[in-house]
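Student:
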């Protein structure tokens with residue numbers, strides 16, 4: 033629902049009632065690595081003799097060609113942008129929004145009211161030394177990084193979770209009849 037950002041989009045719109053029972057939005061941004069879609073298509077081609085783009089990649093036979101979990105999955109499809117010698121720091125930001133119930137309705141053609149309830153969560157990690165990321169990925173079983181001093185004095189980890197609820201009132205104040 034756009035009522036969070038712009039309630040006027042509903043009151044001056046063409047709908048009499050808007051209901052969102054639930055919805056979820058997840059955004060993750062990071063500079064650790066990326067998923068290599070080219071290798072996914074190559075695995076499909078090697079297994080099935082052809083490759084598929086986005087929609088076809090998730091049909092059962094095509095999906096099995098590249099997504100079966102095994103010990104080589106991360107090595108085959110995830111490209112790491114760091115190792116123990118990387119100088120730049122790493123970071124990650126994750127946003128989660130779960131809309132529980134949102135609705136809005138017109139009282140008359142120029143006035144609308146609504147209610148919204150949601151849960152939000154933000155996790156942020158900044159200035160992580162790549163050596164610490166290697167240790168975390170390897171389960172601390174990486175002897176080359178034992179007994180060394182890690183530069184983690186600027187490591188920053190934040191996590192916030194909260195609930196929001198609100199009532200919305202929107203009204204047409206000036207109508208120039210040129211929207212639709």
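Numbering (the numbering used here), first residue to last: 33 to 212. Where a beta carbon is used, it is the ideal one built from N, C-alpha and C, also for glycine.
Confirm, please, whether the CB-CB distance from residue 173 to residue 55 is below 7 angstroms.
Tutor: Reading the chain shown from its first residue, position 23 is the one you call residue 55. Reading the chain shown from its first residue, position 141 is the one you call residue 173. For residue 55 and residue 173, no; Cβs fall outside 7 angstroms.
Student: What three-state label does DSSP hand residue 160 in the structure shown?
Tutor: Counting from one through the chain shown, the residue named residue 160 turns up at place 128. Residue state, collapsed to three classes: strand.
Student: Which one or two residues does DSSP pair with residue 152 in a beta bridge?
Tutor: Here residue 152 is taken as the residue at index 120 of the chain shown, counted from 1. In the DSSP output, where bridge partners are listed per residue, residue 152 has 129, 194.
Student: So for residue 166, helix, strand or coil by DSSP?
Tutor: Here residue 166 refers to the residue found at position 134 when the chain shown is read from its first residue. Looking at residue 166 - three-state DSSP - the assignment turns out to be helix.
Student: Taking DSSP as the reference, what is the three-state secondary structure of residue 136?
Tutor: For the purposes of this step, residue 136 is identified with residue 104 of the chain shown, where counting begins at 1. In the structure shown, residue 136 sits in a strand (DSSP, three-state: E or B).
Student: Count the other CB atoms within 10 Å of the CB of residue 111; is the residue buried (16 or more) or exposed (fewer)?
Tutor: What you label residue 111 is simply residue 79 of the chain shown in a count that begins at 1. That one is exposed.
Student: Is there contact here, the stretch 64 to 73 with the stretch 133 to 149, by at least three beta-carbon pairs under 8 angstroms?
Tutor: no
Student: Ordered along the chain, which non-local residues of its own chain (more than five positions away) have a Cβ less than 7 angstroms from that of residue 165?
Tutor: Walking along the chain shown from the start, residue 165 turns up at place 133. The residues are 64, 114, 122.
Student: According to DSSP, is residue 145 part of a helix, a strand, or is it coil?
Tutor: Taking the first residue of the chain shown as position 1, residue 145 is located at position 113. Residue 145: strand per DSSP, three-state reduction.
Student: Identify, in the order they occur along the chain, each residue of the same chain with its Cβ nearer than 6 angstroms to the Cβ of residue 193, setting aside the five sequence neighbours on each side.
Tutor: Taking the chain shown and counting its residues from 1, the one referred to as residue 193 is at position 161. Excluding sequence neighbours, residue 193 sits near 153.
Student: Mind checking whether residue 57 and residue 129 have CB atoms under 7 angstroms apart?
Tutor: To locate residue 57, count along the chain shown from 1; it is residue 25. To locate residue 129, count along the chain shown from 1; it is residue 97. Yes. Within cutoff.
Student: Among the residues of its own chain, which have a CB less than 6 angstroms from the CB of residue 156, if the five just before and after it don't count?
Tutor: Within the chain shown, residue 156 is the residue found at index 124, counting from 1. Contacts found: 125, 190.
Student: Quick one: Cα of residue 134 to Cα of residue 205, how far?
Tutor: Counted from its first residue, the chain shown places residue 134 at position 102. Counted from its first residue, the chain shown places residue 205 at position 173. Cα to Cα, residue 134 sits roughly 24 angstroms from residue 205.
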